[in-house]
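Student: So for the sequence shown, our numbering puts the first residue at 611; every next one is plus one.
Think of the CB as a built atom: it goes at the ideal place given N, C-alpha and C, for glycine as much as any other residue.
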Amino acid sequence: MYTDKQNILQLVTLLREHGIHKVVVCPGSRNIPIVQTLANMPEITCYPITDERSAGFFAMGLALHGGAPAAVCCTSGTALLNLHPAVAEAFYQQVPLVVISADRPRAWIGQMDGQTLPQPGVFGSLVKKSVDLPEIATPEDEWFCNRLINEALLELNHHGKGPVHINVPVSEPFFKLPVNELPAVRKIVRYCGLNPYDKDYSPLIERLNRYRRRMAVAGQMNLIYLFDRTCARILSRHFVWFCEHTANRTLPGWAIRNIDPLLCTMDNKAQEDMKPELLITYGGHIISKRLKNFLRRHPPVEHWHISPDGSVADLFGSLTTVIEMDPFEFWEKIAPQMEGSAPEYPRSWETRSKAVPSASFAYSEQGAIGCLLEHLPTPCTLHLANSSAVRYAQLFKLPENVEVLANRGTNGIEGSMSTALGYAAASPQLNFLIIGDLSFFYDMNALWNVNYGSNIRILLLNNSGGEIFHALPGLELQGDAKRYVTATHTTTAKAWAEDRGFDYTAVHKEAELQEAIPAFVAPSLSAHPQLMEVFTDKDSDVELLKTYYHNLKQL
């Protein structure tokens, strides 16, 4: 009755779920499994048309009548190119048209095989979204395929209507129909502002109140937002809040910040027992890999992501709803709608979090970071470079009124120091930068300018290479591989820092660190910028970190 091609089953089911019930079908062989499956779906009306040029415009006419999206399906090769005029007209007339093109397997494109040409992206800027589906062989393929189809179909009516293109590679054999029922699929929906005219506003609030285990996760946000007190009190009671230092002060109240240590104390069963039913996320990137793994392995029933631009970000593989609006407007709008008494769920997480002892390390890279964070003056700005520095900083508490910035958009090591100096040049307060040796020397020309002043203080962690590589679980480097992968070196910043006008301090042991810290964190501006270079042993650093996490697992 239906094809066994999983990408096609995802596609046709999501067409139905997104309200697309009219499909123009063109003849061909490669699109046979798509057409056969559509023809056997009672919710779909198929319109056979031979000429693709006419078929595209016919489908546009179907969409114009009533405004609901319509689709047109063609085979591979030049058949797709004949739809181009209709796609162009649909784009400029803002008609929601879905172009579905069957394709040969990617391996055969450009190999002199029949009816092959590069089909993905063929319509260029004349479609609102173009996706190329994978052929499904793994659960990750299925998730990716589902997400791509949802993304494409959501764009049909997003900030104006228009056409989208979905390209479907199909491998042989594909003539059989061995499947008797369509699969259950995940449909992602988007709310464009929770206003009184949104007909689905009430059901969304009903879903919110249905769940008792609610979790909110704040990603990176470079700002401060003060919640209304009444709103903050309600939200703090009804949600458990997770955030990292990079979220800054964008939460309504107390939050769990010791994320990695906390999750490390919980085995798989404990994590399953504590998983949320509803997860709401906002802000940018999240650092903690443990948090990502926790929510991927123990997914919520629903994941709502608040995104001002309405983009689909399915970080945990369970996204169900995109809410396109300012996150703080969303939180303050839903707070008065929360029903019932506060659930026990947030308090259970809080109890677990407060039972985890504070991180403490002997002299090491981690110990130096913890020492600085403990003594930071307020207010000040803290810049965290990738990759070890920003991760290890999350293990320690941060004083109030410390603003945190980090280049977590792409997480690269280049430019962390340049960004910090650029920010400090426009900032009247002290700016501290914690940076590792590879990041520092990669970006050392950041100091080769005259635009910064004495309000910059750099903590350089030098353990003669990329310590993060030594900490990767399961990585064993043999022979010269260790030297090549970890970028070992014997470089020091002393001469370069002093040449650039920095007051330079070298630290090799705990006593020297404790002696140097008071001047380094003094709240008054010094005559020159400062650079403290802390030398540690990477092997010792890694062992201390492993011991720390090993001890947490014993709690």
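1) Closest to P918 by CA distance: which of H768, T1029, E1013 is it?
2) Return the CA-CA distance between P679 and T1029, expressed in angstroms with no decimal places.
3) Extract the residue ranges of the alpha helix (DSSP H) inside the segment 668–696, only unbroken runs of 4 or more that lie entirely within it.
4) Could you tell me if A999 is buried or exposed, where buried requires 16 or more neighbouring beta carbons within 10 angstroms of its beta carbon?
5) Please return the same chain residues whose Cβ sits closer than 7 Å to the Cβ of K623, not counting the five positions on each side in sequence.
6) Whole-angstrom Cβ separation of T688 and R640, contact assumed at under 8 Å?
7) Which residue marks the beginning of the alpha helix (DSSP H) containing D713, and which one marks its end?
8) Please confirm if the segment 927–938 is in contact with the segment 946–959, defined as three or more CB-CB distances below 8 Å between the two stretches.
9) Rounded to whole angstroms, what's the CA-CA distance from V682 to V741? Just pull it up for me.
10) Distance, Cα to Cα, G863 vs V850?
11) On the premise that A842 lies in contact with G772, defined as a C-beta separation below 8 Å, what is that separation, rounded to the nearest angstrom?
12) Okay, do the segment 748–765 and the segment 716–730 touch, 3+ Cβ pairs below 8 Å being the bar?
13) For L1005 versus G1046, is the C-beta distance shorter than 9 Å?
14) Going by other Cβ atoms of all chains shown within 10 Å of its Cβ, with 16 needed for buried, is Y1114 buried or exposed?
15) Based on the DSSP secondary-structure assignment, which residues constitute the bridge partners of T991?
16) In angstroms with no decimal places, state the Cα-to-Cα distance between S1037 and A1016.
17) Among all the DSSP beta bridges, which residues are the ones paired with M1142?
18) If you run the structure through DSSP and keep just helix, strand and coil, what is W753?
19) What residue from N756, L1043, E1013, S1049 has the CA that sits closest to I1023's CA?
20) Which residue from N858, E887, P967, W1058 puts its Cα closest to that of P989?
21) Quick check on this structure: which residue in I1068, M876, V780, H1138 has the alpha carbon closest to the alpha carbon of L992?
22) Suppose you measure from the CA of S846 to the CA of A865; what does that come to, to the nearest Å?
23) Please name the residue in S1074, W1106, T875, T1102 whose C-alpha comes closest to that of W1058.
24) For N1021 and N832, I'd like the C-alpha separation in whole angstroms.
25) Looking at the structure shown, is H768 part of a helix, part of a strand, or coil, going by DSSP?
26) Helix or strand or just coil, what does DSSP make of S958?
27) Given this structure, state the Cα-to-Cα distance separating A1003 from D1151, to the nearest angstrom.
28) Taking the alpha-carbon of V1144 as reference, which of G677, Q725, I979, A762 has the nearest alpha-carbon?
Tutor: Result, derived from the coordinates:
1) H768
2) 46 Å
3) 688–691
4) buried
5) Just to set this straight, residue 623 is Thr in the shown sequence, not Lys. Excluding sequence neighbours, T623 sits near L792, P793, V795.
6) The Cβ separation is near 12 Å, so there is no contact.
7) That residue, D713, is in no alpha helix (DSSP H); its beta strand (DSSP E) goes 707–713.
8) no
9) 15 Å
10) 10 Å
11) Going by Cβ atoms, the distance from G772 to A842 rounds to 40 Å, so no, they are not a contact pair.
12) no
13) no
14) buried
15) E1013, N1041
16) 16 Å
17) L1069, T1115
18) helix
19) S1049
20) N858
21) I1068
22) 9 Å
23) W1106
24) 16 Å
25) coil
26) helix
27) 14 Å
28) I979
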